[in-house]
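And the structure:
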């Protein structure tokens with residue numbers, strides 16, 4: 011599991027008002043304050059075609075996104091890819107933050123700014139995992 015402080019979107023996550031950062035000698039943990047639920051980091055990499063599908067899914071309204079995933083299945087993650095999705099998900103599925111990156115010129119570049127979801131919207135985003 012990756013560390014929250016090593017994420018590209020770490021600064022945006024740490025600045026989010028409902029996130030509490032707990033630092034200890036060996037780790038940095040994030041907690042979603044309203045529910046006191048710990049946030050886990052998930053990093054998924056996708057091939058070019060699957061990454062483009064993830065990008066399309068994330069630009070759809072959430073109900074359309076859920077329909078597409080139910081009909082066609084979730085995008086297949088791989089070991090190495092042209093796209094990387096950084097996803098932070100609370101244990102209780104009440105909070106989610108994500109950012110998609112595309113690999114260009116030997117670096118990952120953001121496709122869009124970090125996005126934050128709360129409450130029922132998180133269940134739809136969790137379908138990607």
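In the numbering used here, the protein residues as written are 11 to 139.
Ideal Cβ placement from N, Cα and C applies to all residues, glycine included.
Closer than 8 angstroms: residue i CB and nearest the ligand HEM heavy atom
| i | result |
| --- | --- |
| residue 39 | Annotation note on the ligand HEM: not contained in the displayed structure, which lists no ligands. |
Bounding residues of the beta strand (DSSP E) (the contiguous stretch that carries residue i)
| i | result |
| --- | --- |
| residue 58 | It is not in any beta strand (DSSP E) - residue 58 instead sits in the alpha helix (DSSP H) that spans 58 to 69. |
| residue 40 | 38 to 42 |
Straight-line Cα distance separating residue j from residue i
| i | j | result |
| --- | --- | --- |
| residue 27 | residue 95 | 22 angstroms |
| residue 132 | residue 116 | 32 angstroms |
| residue 47 | residue 62 | 31 angstroms |
| residue 129 | residue 55 | 26 angstroms |
| residue 70 | residue 134 | 12 angstroms |
| residue 21 | residue 75 | 27 angstroms |
Nearest neighbour of residue i, chosen from the options [CA to CA]
| i | options | result |
| --- | --- | --- |
| residue 53 | 107, 45, 78 | 107 |
| residue 90 | 58, 124, 30 | 58 |
| residue 137 | 36, 78, 40, 29 | 78 |
| residue 126 | 68, 15, 31 | 68 |
9 angstroms Cβ cutoff met for residue i and residue j
| i | j | result |
| --- | --- | --- |
| residue 85 | residue 51 | no |
| residue 105 | residue 97 | no |
| residue 23 | residue 124 | yes |
| residue 60 | residue 25 | no |
| residue 42 | residue 31 | no |
Continuous alpha helix (DSSP H) stretch holding residue i: start and end
| i | result |
| --- | --- |
| residue 82 | 72 to 82 |
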